[in-house]
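For what it's worth, the working numbering labels the leading residue of the sequence shown as 111, then goes sequentially.
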Amino acid sequence: MRIDLHTHSTASDGTDAPGELVRKAAAAGLDVVALTDHDTTRGHAEAIAAVPEGLTLVTGAELSCRLDGISMHMLAYLFDAEEPALLAERELVRDDRVPRARGMVAKIQELGVPVTWEQVSRIAGDGSVGRPHVASALVELGVVPTVSDAFTQDWLADGGRAFVAKHETDPFEAIRLIKGAGGVAVFAHPGASKRGRTVPETAIAEMAAAGLDGVEVDHMDHDADTRARLRGLAKELGLLVTGSSDYHGSRKTCVLGEYTTDPEVYGEITRRAFGAFPVPGAGGV
Ligand code: AMP
Ligand code: ZN
Ligand code: FE
Ligand code: FE
111 MRIDLHTHST ASDGTDAPGE LVRKAAAAGL DVVALTDHDT TRGHAEAIAA
161 VPEGLTLVTG AELSCRLDGI SMHMLAYLFD AEEPALLAER ELVRDDRVPR
211 ARGMVAKIQE LGVPVTWEQV SRIAGDGSVG RPHVASALVE LGVVPTVSDA
261 FTQDWLADGG RAFVAKHETD PFEAIRLIKG AGGVAVFAHP GASKRGRTVP
311 ETAIAEMAAA GLDGVEVDHM DHDADTRARL RGLAKELGLL VTGSSDYHGS
361 RKTCVLGEYT TDPEVYGEIT RRAFGAFPVP GAGGV
């Protein structure tokens, strides 16, 4: 079984429409794929409608969080997308992305680059707008050669010249909301140090005590040492260990199924999620 628990579609900053993504996941030989767009579930319906025979879709989202000034991401799986408290928080974060992206456009203009909000908005379409869309605009304008080259202090990296912060949820609150909506919470790429400062292990231990279910260990942004350290920490704290591609279509270099999750861990995730619902399968699938 090949299981990839973290992908993005055009509902956020991926480049494949949700339906296209599930078709590609099946073609890539995956048995299970999770759709985890940033701060939104709006791709779920299209993905569910398009799931090919033999593929299982895990509905999810990747929630933008911040702890003590450090941005981090929390993967949420199989929660009830209609549950009002989590829905309200998700919409708050997603909606704040618009003025924030406009702010980054203004900063880039001040740096002498003729980027416009219309351009960024066209690239983002109806997806949650984020830095990768702004980065794509910079690529179109010939300012940087690739999307990832825009993530430097010169442009869009945390604290960079054109960076603007957005509203982000306290991770303890995110865990509470995810569990309250019947879902499973997994800390995404906790050791992705090239993106900026990372959360200390003591905080991960506190999150584990607060109900965090797992940590994403096998991820392109973790080197071998980081993976070994996180695996050890997960064992110590009794956390599930996941692996995934964090696929973004052509906006990133990773491919579907580049990293995968152990079937037993996937089984435990589904047990924890569906166990919270009176009707099996009522978790949004
Ligand atoms: P945002 O949520 O708008 O702040 O954008 C964050 C997204 O930008 C992440 O989910 C990644 O997809 C992407 N990203 C962050 N850091 C980098 C980086 N160093 N290189 C490429 N993409 C990045
Ligand atoms: Zn992304
Ligand atoms: Fe992420
Ligand atoms: Fe992601």
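Beta carbons are placed, not taken as given, at the ideal position from N, Cα and C, and that holds for glycine.
Between which two residues does the alpha helix (DSSP H) harbouring residue i extend?
{"i": "residue 297", "result": "Unbroken run through residue 297 is the beta strand (DSSP E), 294-298; no alpha helix (DSSP H)."}
{"i": "residue 316", "result": "311-319"}
{"i": "residue 335", "result": "334-347"}
{"i": "residue 108", "result": "Look at the range of the chain in this structure, 111 to 395, and you will see that residue 108 is not part of it."}
{"i": "residue 282", "result": "281-290"}
{"i": "residue 376", "result": "373-384"}
So residue i and residue j are supposed to be a Cβ contact under 8 Å. How far apart are they, rounded?
{"i": "residue 366", "j": "residue 376", "result": "Their Cβ separation, rounded to whole angstroms, is 16 Å, which puts residue 366 and residue 376 out of contact at 8 Å."}
{"i": "residue 329", "j": "residue 354", "result": "7 Å"}
{"i": "residue 352", "j": "residue 294", "result": "With a Cβ gap of about 10 Å, residue 352 and residue 294 do not count as contacting."}
{"i": "residue 170", "j": "residue 144", "result": "5 Å"}
{"i": "residue 383", "j": "residue 188", "result": "3 Å"}
Beta carbon of residue i: closer than 7 Å to some heavy atom of ligand 3?
{"i": "residue 332", "result": "no"}
{"i": "residue 298", "result": "yes"}
{"i": "residue 356", "result": "yes"}
Return yes when the C-beta of residue i is under 7 Å from any heavy atom of ligand 2, and no when it is not.
{"i": "residue 246", "result": "no"}
{"i": "residue 123", "result": "yes"}
{"i": "residue 240", "result": "yes"}
{"i": "residue 118", "result": "yes"}
Where do the N-terminal and C-terminal ends of the beta strand (DSSP E) with residue i fall, by residue?
{"i": "residue 351", "result": "350-353"}
{"i": "residue 326", "result": "324-328"}
{"i": "residue 186", "result": "180-187"}
Under 7 Å: does the beta carbon of residue i sit that close to some heavy atom of ligand 1?
{"i": "residue 304", "result": "yes"}
{"i": "residue 282", "result": "no"}
{"i": "residue 189", "result": "no"}
{"i": "residue 148", "result": "yes"}
{"i": "residue 231", "result": "no"}
Regarding residue i and ligand 4, is the C-beta to nearest heavy atom distance less than 7 Å?
{"i": "residue 368", "result": "no"}
{"i": "residue 172", "result": "yes"}
{"i": "residue 183", "result": "yes"}
Does the Cβ of residue i lie closer than 7 Å to at least one heavy atom of ligand 5?
{"i": "residue 154", "result": "This structure does not include ligand 5; its bound ligands are ligand 1, ligand 2, ligand 3 and ligand 4."}
Any alpha helix (DSSP H) of 4 or more consecutive residues that is wholly inside the segment 130-173: 154-160
Three or more C-beta pairs below 8 Å linking the segment 278-295 and the segment 161-181: yes
Alpha helix (DSSP H) runs wholly inside the segment 227-253, at least 4 long, in chain order: 227-234 and 241-250
Stretch pair the segment 134-142 + the segment 248-264: three plus CB contacts closer than 8 Å: Contact between the segment 134-142 and the segment 248-264 is absent, with fewer than three C-beta pairs closer than 8 Å.
Contact the segment 218-238 vs the segment 314-324: 3+ CB pairs below 8 Å: Segments in contact, no.
The segment 204-217 touching the segment 259-277, judged by at least three CB pairs closer than 8 Å: yes
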